[in-house]
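In the numbering used here, the protein residues as written are 2 to 233.
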């Protein structure tokens, strides 16, 4: 039985989500503020965190940021009353795996949790024929979730790493922004392809010598991006 941590300071929302998740076979634990959420994660090791953005003591952004800095990579489904693109991008950038705005359907929350768990299960059972991807000076170690350039480790966020692996596995193939959204986030952003552009920009800053003149991730105008090493 998968364990889900629901974090929200509104008792009615906690009750609603707890009921629907338990009806669908999940074990549910709860927290009502950010500090309690971090304590519960470390104590209970949930499989997924359903995390409200607006929380007392420590907000959802800081909770997610703290967990990721502590190398805790439990998937996070972030909930918020804010329907702001920048909040969405920031939440995903600091490590959230999915994002929903209030009001929401409890059934959709359950569906999103299941989608996250399916993706994790698929990743954990995927056997790689070659456990490294070498492109130019970049080496992606799929066993240890690490990236090196000229033998120097590059620190990436979870989504940056997943994006780089996806591009690397499709080396020299042009990928649309919609393909990248579906391949990395596994759900529809309603055409909000800026999520991809932001992550590509962050990734270039970390792997490229000159991000504005990339050697690895190239923009294909009007379509998307392509990973192709160029030594020019």
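The beta-carbon is built from N, C-alpha and C at its ideal position, and this holds for glycine as well. Given the structure is predicted, the values throughout are model-derived calculations rather than measurements.
Would you call residue i buried or exposed, if buried means 16 or more other Cβ atoms sit within 10 Å of its Cβ?
{"i": "residue 265", "result": "Residue 265 cannot be examined here, being either before or after the span of the chain that is shown, 2 to 233."}
{"i": "residue 211", "result": "exposed"}
{"i": "residue 70", "result": "exposed"}
{"i": "residue 35", "result": "buried"}
{"i": "residue 98", "result": "buried"}
{"i": "residue 9", "result": "buried"}
{"i": "residue 130", "result": "Note that residue 130 scores a pLDDT of 49, beneath 50, so its modelled location is shaky; the value from the coordinates is reported in the next line. Exposed, because fewer than 16 other Cβ atoms sit within 10 Å of the Cβ of residue 130."}
{"i": "residue 128", "result": "With a pLDDT of 46 at residue 128, under the threshold of 50, the modelled position of this residue cannot be trusted, and the question is left open."}
{"i": "residue 113", "result": "buried"}
Between which two residues does the alpha helix (DSSP H) carrying residue i extend?
{"i": "residue 81", "result": "It is not in any alpha helix (DSSP H) - residue 81 instead sits in the beta strand (DSSP E) that spans 77 to 81."}
{"i": "residue 4", "result": "Premise fails: residue 4 lies in the beta strand (DSSP E), 4 to 8, not in any alpha helix (DSSP H)."}
{"i": "residue 219", "result": "Run containing residue 219: none in the alpha helix (DSSP H); it sits in the beta strand (DSSP E), 218 to 221."}
{"i": "residue 16", "result": "12 to 24"}
{"i": "residue 195", "result": "195 to 208"}
{"i": "residue 41", "result": "35 to 45"}
For my contact list, residue i and residue j are in at a C-beta cut-off of 8 Å; report their separation, rounded to the angstrom.
{"i": "residue 148", "j": "residue 178", "result": "Contact flag wrong, Cβ pair sits at about 22 Å."}
{"i": "residue 49", "j": "residue 18", "result": "No, residue 49 and residue 18 are not in contact; Cβ-Cβ is about 12 Å, not under 8 Å."}
What are the boundary residues of the beta strand (DSSP E) that residue i is part of?
{"i": "residue 225", "result": "225 to 228"}
{"i": "residue 292", "result": "A question about residue 292 goes unanswered here, because the residues of the chain that appear run from 2 up to 233."}
{"i": "residue 28", "result": "28 to 32"}
What is the DSSP secondary structure of residue i, counted as helix, strand or coil?
{"i": "residue 140", "result": "strand"}
{"i": "residue 167", "result": "helix"}
{"i": "residue 179", "result": "helix"}
{"i": "residue 59", "result": "coil"}
{"i": "residue 134", "result": "strand"}
{"i": "residue 73", "result": "coil"}
{"i": "residue 99", "result": "strand"}
{"i": "residue 145", "result": "coil"}
{"i": "residue 232", "result": "coil"}
{"i": "residue 172", "result": "coil"}
{"i": "residue 67", "result": "helix"}
{"i": "residue 212", "result": "coil"}
{"i": "residue 107", "result": "helix"}
Going by DSSP, name the residue or residues bridged to residue i.
{"i": "residue 150", "result": "139 and 153"}
{"i": "residue 50", "result": "6 and 77"}
Please indicate yes or no: does the CB of residue i lie closer than 8 Å to some heavy atom of the ligand COA?
{"i": "residue 74", "result": "Among the components modelled here there is no ligand, and therefore nothing to report on the ligand COA."}
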